[in-house]
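Visitor: In the working numbering, the protein residues as written are 64 to 1112.
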């Protein structure tokens, strides 16, 4: 479930972005219109340099200028982040804002695809751009690909779309990978004239080749890191200026062309010279021309997936609304999946690991269990990458996950291999898992811990490409290994134990059902493989398929069984057996109880750390360096205000761990010397950490944060939390009775303390209360009375029997069936009437019972009428069936309640103090009704009225403060009062003297004397006479512990 939840969170909020490398310099690309001169380009570059001169973080600005383009290298100062507190991204945004309105040139911080020299490959992204994107670094760009055959039309479409997209507020920059048409001169020859003059095209070509005084050799010379192009030039006579000898169009017109007859003609005489502009480059993909338009969203889109989707929708709407010319197609590419090969590698790794484990363990189940370590690792990796703001899918993270595939399985192998070894030696499965966990947890934690610590420096790397490439890799491994190690120790043993049960359960099914499950799985797997597109959804759906098929089958089978099973034969006498029943309210969670139990075991075994000698402080050898690292990491390395605040809590609690040895030394000093100053120092030390440390943190935040509002908010939250926790401790330690607070502002204080007591974790303190303490008894057919004072635990026991509450310890069996295991099946056997229940006062008795019978699943009208008729006659309310319930007396309403629980013909009736508040006549009638109903069923009758028990029950149990004081028959219970009931007469004036000393159960005035009936273990008065006890006398003797608890078991 945790894996599925984390995957859904990842898909919902994660944004795959490229990480910009924070170097100390970046490039600014200037692209001029084709044919621009060097002088014009230089003027534009000078304008750019002037606009950027005022940026405070600038150290140097180096320009490399060519005729049609230029590159400016913006070099930052070493401490640029501390100047104006701006990041690299904010500086780049400022640069773009300053130069975005230069109309003469296209200026960009990314290499424009329209320039041949700035891109290193044709078509689409260059090889370098593709590789950097593959590694997860670079800038986040999306593409619109325009396809067709007419290049001019395609270029026009690209320019139109560029205009529309550039106008959006969500767009940072737009670029088309087609440069402007370059100027050309076209020569058109008259072939007839050439033939007449005896001139061929070869002669013309050779003369044109010699027209220029220089030409490239096609050879480059490399020296060091510099590369030079070798150009061959014509040597000019001394004193001749090269600029004055440049050839122009007139020189071209007068270019001499020799004929085969050695005649000479000017070029303009044999050709037509035309000025024109031509395309500089054309991109083809699969014999189809392409033009690409690239655009980049504003920085906010990289922080929110919802915002990114909204911006992408704007692009899609522009493309959809644009009317494309015939023969032109447009494709919008928001994201490109470059990692298909990795998916294959991950799948292959899964298969290979499974095969190796299957061969080693000679089992299919064990490898399947161990492979579940991988989803646990994925959970940790996903969470770590999201929290650190890294992209989830790039080559670095996927390589980290590939390494995790082999590493995380090792922990499970160590645990399960030793478990199998212990089982071969004769250990039970549960015992073997516990023993293996205890003996292997140390090497597992040490191995994982050393790997995580070794990767931490790489994860913290910030230098240029280390932070962009190495950090995501290390974070993937650290997050996956951390979570997988912790969850493996819990999840893998549980899955190992449960998997065998699942396999045995599947084997026990009928072969038809097994075949159906297998066919369903195969069909589902094929559907997922062919219909689900992305790899992560395929993996998620496949895991769901593995879990849901047996889960749904088990649920359906269990539900059908629960709804229809007759677990107890109708002719079999009903019997309830209760053994060692314990119920603890407000107890700690199981984890806390086990933790406290472990501490007690360590204390009894003498493993608790004591600090008396220098060697006892050896834990500080690793604790102090770790504390120092946490301080550095939190306050000096982290840049996020939020994460700095989160990790400061770890430092805060770590301080309390470090002060434990000092606190214990001071406590030992106090016990040895009885000097109060050691206790005072101990309290001062704790108060300083408790109250002063947050103030120190706030002071650090004041200097590190640039958000005063967040600082004030954090300070207020911390103050409230500390105040609430302190108040909760005060209430708990003083056992404060809030209702009795007096004095000034008592109402305000009571309200505050009541609020504190309701706040979980920091304000509320659990105070476990044992409502039942090891109750054991047997209940057979007939009336069973539960007797005890208010708060004794009677209602708690009845609700546990009914399945409303869960017992803390102990067992209850109904005819040998465990009520915890067969809870749903046994619900139909039990009818429960609580002390207070609701009815619809405006309904008649018949209407109310008809409605309740529908709710209980009695849908047939005839059956329902017969059942209502039966229950109304059983409770002697048939004559009042049409009267409104609001007109009934309290006893009549109780009888309607009994009729309601009789609708499903229960064999066990549980009624909780039904006679409370009834007048004697109604109480007798209701009591007789219960006796009548108990002839064929068990009726558990709870009360604190002795007369109800003595006149109706054949079994009785007395409970006081959760303890069973008596269990047996009422007659035997009366005999328990023998020897404790005394009667004597005293003068009226002496009565007050004995009232405070003896338990008086009855007294009556007789003239000047008072006849007294008392309970006492000894003779209370010289004239006292032992008399026969009543049931009430025996009950009071049991409550006063005059006799030892007795039970007939």
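Ideal Cβ positions, reconstructed from N, Cα and C, are used throughout, including at glycine.
Given the structure is predicted, the values throughout are model-derived calculations rather than measurements.
1) Near residue 323, what residues of its chain come up, given a Cβ to Cβ distance below 7 Å and the 5 sequence neighbours on each side ignored?
2) Report the residue ranges of all alpha helix (DSSP H) runs contained in full by the segment 457 to 526; include only those spanning at least 4 residues, in chain order.
3) So for residue 837, helix, strand or coil by DSSP?
4) List the endpoints of the continuous alpha helix (DSSP H) containing residue 790.
5) Expressed to the nearest angstrom, what Euclidean distance is found between the alpha-carbon atoms of residue 901 and residue 911?
6) For residue 896, which of helix, strand or coil comes out of DSSP?
7) Taking only runs of the alpha helix (DSSP H) that begin and end inside the segment 915 to 956, which ones reach a length of at least 4 residues, in chain order?
8) Provide the residue(s) that pair with residue 336 in DSSP beta bridges, ordered along the chain.
9) Hey, how far is the Cα of residue 286 from the Cα of residue 134?
10) Between the alpha carbons of residue 115 and residue 171, how many angstroms are there, rounded?
11) What does the alpha-carbon distance come out to for the pair residue 969 and residue 940?
12) Tell me whether residue 815 sits in a helix, a strand or coil according to DSSP, three-state version.
13) Can you look up residue 1106 in the DSSP assignment and give me helix, strand or coil?
14) Grab the span of the beta strand (DSSP E) containing residue 846 for me, first residue to last.
15) Mark residue 1107 as exposed unless 16 or more other C-beta atoms lie within 10 angstroms of its C-beta, in which case mark it buried.
16) Whole angstroms is fine: what's the gap from residue 563's alpha carbon to residue 441's?
17) Along the beta strand (DSSP E) that carries residue 235, what are the first and last residues, could you check?
18) How big is the Cα-Cα spacing for residue 765 and residue 817?
19) Apply the 10 Å Cβ neighbour rule to residue 459 and answer buried if 16 or more other Cβ atoms are within range, or exposed otherwise.
20) Between the segment 150 to 167 and the segment 88 to 105, do at least 3 Cβ pairs fall closer than 8 Å?
21) So is residue 187 buried or exposed if we call it buried at 16+ other beta carbons inside 10 Å?
22) Can you tell me whether residue 392 is helix, strand or coil according to DSSP?
23) Let's test the definition: count the other Cβ atoms within 10 Å of the Cβ of residue 1101 and tell me whether it reaches 16, buried, or not, exposed.
24) Which residues bound the alpha helix (DSSP H) around residue 562?
25) Helix or strand or just coil, what does DSSP make of residue 317?
26) Which word fits residue 353, buried or exposed, when buried means at least 16 other C-beta atoms lie within 10 angstroms of its C-beta?
27) Do you know offhand how far residue 546's Cα is from residue 173's?
28) Just to confirm my understanding: we take residue 851, look at its own chain, exclude 5 residues before and 5 after, and list those with CB closer than 7 Å. What are they?
29) With three or more beta-carbon pairs closer than 8 Å as the criterion, would you say the segment 482 to 502 touches the segment 553 to 563?
30) By DSSP, does residue 1028 sit in helix, in strand, or in coil?
31) For residue 740, which three-state DSSP category applies?
32) In angstroms with no decimal places, state the Cα-to-Cα distance between residue 112 and residue 777.
33) Check whether the Cβ atoms of residue 1012 and residue 791 lie closer than 8 Å to each other.
34) With DSSP run on the structure shown, which of helix, strand or coil describes residue 398?
35) Going along the chain, which unbroken runs of the beta strand (DSSP E) with 3 or more residues stay wholly within the segment 1046 to 1095?
36) Can residue 1044 and residue 1076 be called in contact, C-beta distance under 8 Å?
Guide: Reading off the structure:
1) Taking the chain shown and counting its residues from 1, the one referred to as residue 323 is at position 260. Excluding positions up to five away in sequence, the list reads 261.
2) For the segment 457 to 526, whole alpha helix (DSSP H) runs of length 4 or above, ordered along the chain, are 458 to 487 and 492 to 522.
3) Position 774 of the chain shown, counting from 1, holds the residue named residue 837. The answer is strand: DSSP assigns residue 837 an E or B state.
4) Here residue 790 corresponds to residue number 727 of the chain shown, with the count starting at 1. Its alpha helix (DSSP H) spans residues 771 to 797.
5) In the chain shown, counting from the first residue as 1, residue 901 sits at position 838. In the chain shown, counting from the first residue as 1, residue 911 sits at position 848. Spanning the two alpha carbons is a distance of roughly 11 Å.
6) On the chain shown, residue 896 is found 833 positions in, with the first residue counted as 1. Residue state, collapsed to three classes: strand.
7) The segment 915 to 956 contains, as complete alpha helix (DSSP H) runs of 4+ residues, the segments 924 to 937 (chain order).
8) Position 273 of the chain shown, counted from the start, is the residue given in the question as residue 336. According to DSSP, residue 336 bridges with 250.
9) Position 223 of the chain shown, counting from 1, holds the residue named residue 286. Position 71 of the chain shown, counting from 1, holds the residue named residue 134. Near 22 Å, if we compare the C-alpha coordinates of residue 134 and residue 286.
10) On the chain shown, residue 115 is found 52 positions in, with the first residue counted as 1. On the chain shown, residue 171 is found 108 positions in, with the first residue counted as 1. Roughly 14 Å separates the two Cα atoms.
11) The residue labelled residue 969 in the question sits at position 906 within the chain shown. The residue labelled residue 940 in the question sits at position 877 within the chain shown. The straight-line gap from Cα to Cα measures roughly 19 Å.
12) What you label residue 815 is simply residue 752 of the chain shown in a count that begins at 1. In the structure shown, residue 815 sits in a helix (DSSP, three-state: H, G or I).
13) As a position in the chain shown, residue 1106 is number 1043, starting the count at 1. Secondary structure of residue 1106 (DSSP, three-state): coil.
14) Start at 1 with the first residue of the chain shown, and residue 846 comes out as number 783. Residue 846 -> beta strand (DSSP E) spans 845 to 850.
15) Taking the first residue of the chain shown as 1, we reach residue 1107 at position 1044. Classification of residue 1107: exposed, given that the 10 Å Cβ count is below 16.
16) Start at 1 with the first residue of the chain shown, and residue 563 comes out as number 500. Start at 1 with the first residue of the chain shown, and residue 441 comes out as number 378. Taking the straight line joining both Cα atoms gives about 25 Å.
17) One-based indexing of the chain shown puts residue 235 at position 172. For residue 235, the enclosing beta strand (DSSP E) begins and ends at 234 to 239.
18) Locating residue 765 in the chain shown gives position 702, counting from the first residue. Locating residue 817 in the chain shown gives position 754, counting from the first residue. When rounded, the distance between both Cα atoms is 35 Å.
19) By 1-based counting over the chain shown, the position of residue 459 is 396. Counting Cβ neighbours within 10 Å, residue 459 comes out buried, since at least 16 surround it.
20) Output reads yes: the segment 88 to 105 touches the segment 150 to 167.
21) One-based indexing of the chain shown puts residue 187 at position 124. With a pLDDT of 46 at residue 187, under the threshold of 50, the modelled position of that residue is not reliable, and no figure is offered here.
22) Along the chain shown, read from residue 1 onward, the residue named residue 392 stands at position 329. Residue state, collapsed to three classes: strand.
23) Locating residue 1101 in the chain shown gives position 1038, counting from the first residue. Answer is buried; the Cβ neighbour count reaches 16.
24) Within the chain shown, the letter at position 499 stands for residue 562. Residues 534 to 571.
25) Start at 1 with the first residue of the chain shown, and residue 317 comes out as number 254. Note: residue 317 maps to coil in three-state DSSP.
26) As a position in the chain shown, residue 353 is number 290, starting the count at 1. With 16 or more Cβ atoms within 10 Å of its Cβ, residue 353 is classed as buried.
27) Against the chain shown, residue 546 aligns to sequence position 483. Against the chain shown, residue 173 aligns to sequence position 110. The alpha-carbon atoms of residue 546 and residue 173 are separated by roughly 39 Å.
28) One-based indexing of the chain shown puts residue 851 at position 788. The beta carbon of residue 851 sits closer than 7 Å to the beta carbons of 857, 1007, 1021, 1022 and 1023 from its chain, once the five residues preceding and following it are set aside; these are given in chain order.
29) Flag = yes, the segment 482 to 502 and the segment 553 to 563 touch.
30) Translated into the one-based positions of the chain shown, residue 1028 becomes position 965. Residue state for residue 1028 is assigned as strand, using DSSP reduced to three classes.
31) Counting from one through the chain shown, the residue named residue 740 turns up at place 677. Residue 740 falls in the helix class under three-state DSSP.
32) Walking along the chain shown from the start, residue 112 turns up at place 49. Walking along the chain shown from the start, residue 777 turns up at place 714. When rounded, the distance between both Cα atoms is 44 Å.
33) Within the chain shown, residue 1012 is the residue found at index 949, counting from 1. Within the chain shown, residue 791 is the residue found at index 728, counting from 1. Contact flag unset, no.
34) Taking the first residue of the chain shown as position 1, residue 398 is located at position 335. Reduced to three states, the DSSP call for residue 398 is coil.
35) Positions of the beta strand (DSSP E) runs, each at least 3 residues long and wholly inside the segment 1046 to 1095, are given as 1062 to 1069 and 1072 to 1078 in order along the chain.
36) Here residue 1044 refers to the residue found at position 981 of the chain shown. Here residue 1076 refers to the residue found at position 1013 of the chain shown. Judged by their CB atoms, residue 1044 and residue 1076 are nearer to each other than the 8 Å cut-off.
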